[in-house]
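Novice: Remember, the working numbering sits 1034 above the position in the sequence shown when you count from 1.
Cβ coordinates follow ideal geometry from the N, Cα and C atoms, glycine included.
Questions regarding the structure given below will be posed in turn.
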Amino acid sequence: MGHVILVGGQKGGPGKSTIAQNLAGFFLLEQNNDVLLLDADAQGTTSDWLSERNKNTKRVKDIIGAKASGDIERTIIDFKNRFEIVVIDTGGLDSEELRSAMTVADVCLFPFRPKRRDIKTLEKVTELISLLKRINPQCLCFSIMSQCPSQLNQKYRIDSAKACCEEFGLPPFENVTEIRNVYDDCDEGGMTVLEQADAKAKMEMISIGNELIDRGLLRNE
């Protein structure tokens, strides 16, 4: 049986789809896993990305994609029995898709930008997690900082946001993504940063993927 990684949240903007897409790329390209990328966001951002990817002859490998809506618990269980890794993009709303996916996820990642308007959603996110834990107590939930400023004198913003997440019981990943044009370029072309020349962006996503593994979140059962 495979592992389910959910990337979700309560607010649009912090790059949930980008992280989901690149995590799928990490497990496919770096770990040689059998991967499915599931778009459970009504906006269809990841479906559009997959469509662009299928047209892009520069892609290294095909990423198998699917789309689902509503109560997607049974759909996820089916995919979990067929793939080693299932990465789910549920978008930025408290939706039926998000709640049903959380009931069967092994890992939930909640991206936040180190900005007040993102951090303000922590209370709602942690309330949702509390409900989830009654149904799926084994699920491990973490925050991850995304679209972070690269300037050293702005590091305090990242540290402060991580501290807030910790206070709300949503431990932050050590690794983060920074603001980089290559993420936008990849979004438009259906590519992952692992297939691009930007070594810093590539290392960011490899580090995030490895952190999932190093924490033992995807250990073999």
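#1: For the segment 1059-1077 against the segment 1162-1174, do three or more pairs of beta-carbon atoms, one drawn from each stretch, fall closer than 8 Å, so that the two count as touching?
#2: Return helix, strand or coil for residue 1225, following the three-state DSSP convention.
#3: Find the nearest neighbour of residue 1091 within the set 1231, 1238, 1224, judged by alpha-carbon distance.
#4: Could you tell me whether the Cβ atoms of residue 1144 and residue 1243 are closer together than 9 Å?
#5: So is the beta-carbon of residue 1213 under 8 Å away from any non-hydrogen atom of the ligand ZN?
#6: For the beta strand (DSSP E) containing residue 1144, name the first residue and the last one.
#7: Closest to residue 1076 by C-alpha separation, out of 1205, 1230, 1128, would be which residue?
#8: How is the alpha helix (DSSP H) around residue 1166 delimited, first residue to last?
#9: Looking at residue 1160: is its Cβ nearer than 9 Å to the Cβ of residue 1203?
#10: Does the segment 1198-1215 touch the segment 1071-1089, meaning 3 or more C-beta pairs lie closer than 8 Å?
#11: Roughly how far, in whole angstroms, is the beta-carbon of residue 1134 from the beta-carbon of residue 1107, given that I think they are within contact range, below 8 Å?
#12: State the start and end residues of the unbroken beta strand (DSSP E) segment that holds residue 1176.
Specialist: A quick look at the data gives this:
#1: As far as the Cβ criterion goes, the segment 1059-1077 does not touch the segment 1162-1174, which means the pair count is below three.
#2: coil
#3: Closest by alpha carbon: 1224.
#4: The beta carbons of residue 1144 and residue 1243 sit no closer together than 9 Å.
#5: No copy of the ligand ZN appears in this structure; indeed no ligand is present at all.
#6: 1141-1146 is the span of the beta strand (DSSP E), which, as asked, contains residue 1144.
#7: 1128
#8: Where residue 1166 is concerned, the enclosing alpha helix (DSSP H) stretches over 1156-1169.
#9: yes
#10: no
#11: So it is a contact: roughly 5 Å between Cβ atoms.
#12: Here the beta strand (DSSP E) through residue 1176 covers 1174-1179.
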